[in-house]
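Everything on this sheet refers to the single structure shown next.
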Amino acid sequence: MVVTVDLPSADATRALGAALADILRAGDLVILTGDLGAGKTTFTQGLGAALGVRGHVSSPTFIVAREHAAGLRPDGTRGPGLVHVDAYRLGGLDELDALDLDSSLEDSVTVVEWGAGLAEALTEDRLEIELVRPRGGLLDLENPEAGVRHATLRGVGPRWADIDLKTLANPAD
Ligand SMILES: Nc1ncnc2c1ncn2[C@@H]1O[C@H](COP(=O)(O)OP(=O)(O)OP(=O)(O)O)[C@@H](O)[C@H]1O
Ligand SMILES: [Mg+2]
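Just so you know, this note's numbering puts the end of the sequence shown at 1482, numbered straight through with nothing missing.
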């Protein structure tokens, strides 16, 4: 099942990440694809804030993987940690294990940016999210918010078989 969510603003992109924080749990893998400036980091910021993780979520471009320790969700309950990966710098997801992260992937939600092309090689359960800017080509530096966006979500594997992603459609409504 593929679910499409309209993202009329950066806040809507953050809200989608926040809504997913209620569904995602430790050990989950999210593969985030989308062109330059599509909103991948914005999405991850919304997710990280709602999970309550420590530290500022920003682009992982120059660091391969950034680890955010678990913290308290806005409702006071303890959330999982967040591992934010730039797959572009990684040969494949199997190299994730070789990074020798402090956090264990079992205790964290792992978000991989730029996962396109790697996803086919995966056999694990995963949530694939594609952020699409239909009018967008390259990011317009003068006007980074330009271009109507939407997200398509697809759960793969038994972990996602019984999860109804339709509840995420247009979370801002
Ligand atoms: N749904 C949206 N509508 C309008 N603007 C948005 C939306 N989502 C994100 N933005 C804006 O688009 C810009 C780029 O977002 P972001 O940095 O999250 O993209 P990215 O996919 O991580 O880019 P990169 O490929 O450089 O990593 C930011 O200014 C952000 O506020
Ligand atoms: Mg980014």
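Positions of the beta carbon are idealized from the N, C-alpha and C atoms, including for glycine.
Legend entry - Backbone CA spacing between residue 1368 and residue 1350 [nearest angstrom]: 6 Å
Inset, instruction - Rounded to whole angstroms, what's the CA-CA distance from residue 1348 to residue 1363? Just pull it up for me. - result: 21 Å
Inset, instruction - Go through the residues and name those whose CB comes closer than 5 Å to any heavy atom of ligand 2, in chain order. - result: 1349, 1350 and 1368
Legend entry - residue 1334 (DSSP reduced to helix, strand or coil): coil
Inset, instruction - Helix, strand or coil for residue 1478, going by three-state DSSP, please let me know. - result: coil
Legend entry - Same chain, Cβ closer than 7 Å to residue 1467, five either side skipped, listed in chain order: 1434
Legend entry - Inter-residue Cα distance where the pair is residue 1358 and residue 1403: 27 Å
Inset, instruction - Taking only heavy atoms of ligand 1 into account, decide whether any of them is closer than 7 Å to the Cβ of residue 1347. - result: yes
Legend entry - residue 1365 burial status per 10 Å Cβ neighbour count (16 or more: buried): exposed
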